[in-house]
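Some notes on the structure that comes next.
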Amino acid sequence: MTGTQEFERVLDGSDKSVASFEHQDVSLIKRAQHFLHSTPAAVPLIVLVLAIIIFGATIGGRFFSSYTLTLILQQIAIVGILGAAQTLVILTAGIDLSIGVIMVISAVIMGNVAITYGIPTPIAVIGGLLVGGLCGLLNGFLVAFMKLPPFIVTLGTWNIVMATNFIYSANETIRDTDVDEQAPLLHLFAASFRLGSAVLTLGVIAMVLLVLLLWYVLNHTAWGRHVYAVGDDPEAAKLSGIQTKKVLLTVYTISGVIAAFAAWVSIGRNGSISPSSAVTDYNLQAITATVIGGISLFGGRGSILGTLFGAMIVGVVSMGLNMLGADPQWKVLLTGVLIIAAVAIDQWIRKVSV
1 MTGTQEFERV LDGSDKSVAS FEHQDVSLIK RAQHFLHSTP AAVPLIVLVL AIIIFGATIG
61 GRFFSSYTLT LILQQIAIVG ILGAAQTLVI LTAGIDLSIG VIMVISAVIM GNVAITYGIP
121 TPIAVIGGLL VGGLCGLLNG FLVAFMKLPP FIVTLGTWNI VMATNFIYSA NETIRDTDVD
181 EQAPLLHLFA ASFRLGSAVL TLGVIAMVLL VLLLWYVLNH TAWGRHVYAV GDDPEAAKLS
241 GIQTKKVLLT VYTISGVIAA FAAWVSIGRN GSISPSSAVT DYNLQAITAT VIGGISLFGG
301 RGSILGTLFG AMIVGVVSMG LNMLGADPQW KVLLTGVLII AAVAIDQWIR KVSV
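According to UniProt numbering, the sequence shown is numbered sequentially starting from 1.
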């Protein structure tokens with residue numbers, strides 16, 4: 001048995017080379033596809049830079065002035081914050097149609113508690129944040145535990161919250177002067193300061209800090225990874241031990257709290273508190289910023305930094321067209337084109353094999 005057996009001698013003349021895969025050159029398009037797949041915020045950033053360059057070349061030095069650029073940031077502060085709330089929900093493959101009216105009713109609660117009831121403003125702010133959180137909690141409960149479609153749930157709560165807003169407030173506006181006299185803390189985020197020749201408001205700083213905080217949470221905490229996992233494949237996430245219901249409940253609740261925070265910022269931005277602003281398309285603008293920012297409507301993919309870039313794209317396009325004296329409908333047209341292009345690019349990127 002120590003010698004070479006007959007069947008082993010047959011192998012002596014066989015090919016002993018090990019199978020290997022030859023390196024194949026990857027096309028430039030394929031490389032770009034891989035890059036965009038791994039860096040979802042790259043597309044909106046590229047579009048933002050191109051938009052700034054195009055409008056800058058068309059309008060001239062006025063567009064690049066610090067006044068114009070900081071004014072754009074001030075105009076998108078509310079939409080940027082609401083977009084951050086919407087991003088959390090869309091990452092779980094859901095959607096929240098009610099965050100705009102949650103913001104409005106939270107502002108109405110803050111104003112009435114502080115001014116009509118004469119309760120200290122900090123308590124009024126906490127009350128508004130609590131109302132926003134409870135609205136989000138209701139959405140989360142219906143989606144996570146009742147297994148109802150997010151679109152239908154938030155469409156229903158959108159109507160409920162809007163009607164409650166008008167009934168509670170009797171559609172009465174709280175004037176800017178009353179807020180200044182009795183609850184100046186509600187105008188906190190209207191405060192501005194100079195950074196060189198630029199003028200920034202605390203609302204802009206709040207938007208940027210919120211986005212950076214959520215970026216860190218989504219990318220460097222277990223909860224953030226769970227949000228992406230639930231959006232990518234809820235069944236696989238559940239089998240891996242993730243409490244999907246708890247994740248959905250917290251996502252919708254946090255979204256409601258962020259919408260209420262946007263209410264505080266909006267009071268500083270708008271001055272007065274008007275219940276009728278519930279009919280404003282804040283929610284549509286937030287969804288637009290989120291989609292243009294590269295957040296996949298199918299869930300599980302995208303960067304919240306892209307949402308910020310998406311809001312800035314809408315702001316740059318709006319400001320650029322205004323400065324050119326163009327018909328306002330061109331803004332609507334270009335926004336529609338950007339939304340369709342963003343979804344098409346997302347579909348193309350998702351086809352990459354990793």
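We treat Cβ as the ideally placed atom computed from N, Cα and C, and that holds for glycine.
Helix, strand or coil: which one does DSSP assign to residue i?
i: Arg301; result: coil
i: Ala342; result: helix
i: Ile174; result: strand
i: Ile242; result: coil
i: Ile119; result: coil
i: Ile99; result: helix
i: Ile295; result: coil
i: Leu308; result: helix
i: Ala326; result: coil
i: Arg62; result: coil
i: Leu148; result: coil
i: Thr221; result: coil
i: Pro40; result: coil
i: Gly94; result: coil
i: Phe21; result: Residue placement at Phe21 cannot be trusted, given a pLDDT of 48 that sits under 50; what the coordinates show is reported in the next sentence. Three-state DSSP puts Phe21 in coil, outside helix and strand.
i: Gly336; result: helix
i: Ser27; result: coil
Measuring only from the beta carbon, is residue i closer than 6 Å to any heavy atom that is part of the ligand FMN?
i: Val49; result: Within the structure as shown, the ligand FMN is missing, as the structure has no ligands at all.
Check each candidate in the options and name the one with the smallest Cα separation from residue i.
i: Gly80; options: Tyr282, Arg31 and Leu142; result: Tyr282
i: Leu239; options: His226, Gly136, Phe141 and Thr70; result: His226
i: Gly271; options: Ile76, Leu138, His187 and Ile72; result: His187
i: Val251; options: Leu88, Val143 and Leu129; result: Leu88
i: Val153; options: Ile349, Gly320 and Phe141; result: Phe141
i: Ala222; options: Gly203, Met207 and Thr244; result: Thr244
i: Phe309; options: Gly325, Ala342, Arg269 and Leu324; result: Ala342
i: Ser38; options: Gly294, Val337 and Ser318; result: Gly294
i: Ser169; options: Val247, Ile340 and Ile109; result: Ile109
i: Thr164; options: Val113, Pro184, Pro149 and Ile105; result: Ile105
i: Asp178; options: Met323, Ser66 and Thr116; result: Thr116
i: Asn322; options: Phe189, Ile29 and Thr58; result: Thr58
i: Asp96; options: Leu284, Gly203 and Ile72; result: Leu284
i: Met103; options: Val265, Val332 and Asp327; result: Val265
i: Gly256; options: Leu82, Phe64 and Ile72; result: Leu82
i: Leu248; options: Ala229, Ala262, Phe261 and Ala263; result: Ala229
i: Ile119; options: Leu185, Asn171 and Phe151; result: Leu185
i: Tyr67; options: Leu45, Leu200, Val113 and Ala191; result: Leu200
i: Phe145; options: Phe151, Lys246, His34 and Thr307; result: Lys246
Strictly by DSSP, which residues pair up with residue i?
i: Val199; result: Arg194
i: Ile53; result: The partner list for Ile53 (beta bridge, DSSP) is empty, contrary to what the question assumes.
i: Ile273; result: Ile174
Which term fits residue i, buried or exposed, when burial requires 16 or more other beta carbons within 10 angstroms of its beta carbon?
i: Asp346; result: buried
i: Gly290; result: Here residue 290 turns out to be Thr, not Gly, going by the sequence shown. Looking at its Cβ environment, which holds 16 or more other Cβ atoms inside 10 Å, Thr290 is buried.
i: Glu22; result: Its pLDDT being 49, under 50, Glu22 is placed unreliably by the model, and the measurement read from it follows with that caveat. Exposed, because fewer than 16 other Cβ atoms sit within 10 Å of the Cβ of Glu22.
i: Gly128; result: buried
i: Val43; result: buried
i: Gln329; result: exposed
i: Gly196; result: exposed
i: Trp348; result: exposed
i: Val337; result: exposed
i: Val49; result: exposed
i: Asn171; result: exposed
i: Pro275; result: buried
i: Gly300; result: buried
Rounded to whole angstroms, how far is the Cβ of residue i from the Cβ of residue j, which I believe are closer than 8 Å?
i: Gly133; j: Ile174; result: Actually they are not in contact, since the Cβ atoms of Gly133 and Ile174 sit about 22 Å apart, beyond 8 Å.
i: Gly325; j: Gln75; result: Going by Cβ atoms, the distance from Gly325 to Gln75 rounds to 18 Å, so no, they are not a contact pair.
i: Ile313; j: Ile292; result: 6 Å
i: Ala41; j: Ser303; result: 4 Å
i: Val211; j: Leu305; result: 7 Å
i: Ile258; j: Ile267; result: With 8 Å as the limit, Ile258 and Ile267 do not qualify as a contact, their Cβ atoms being about 15 Å apart.
i: Leu91; j: Gly231; result: 5 Å
i: Gly320; j: Phe63; result: 7 Å
i: Thr253; j: Leu130; result: At roughly 11 Å, the Cβ-Cβ gap does not stay under 8 Å, so Thr253 and Leu130 are not in contact.
i: Ala278; j: Val101; result: 5 Å
i: Cys135; j: Thr157; result: 7 Å
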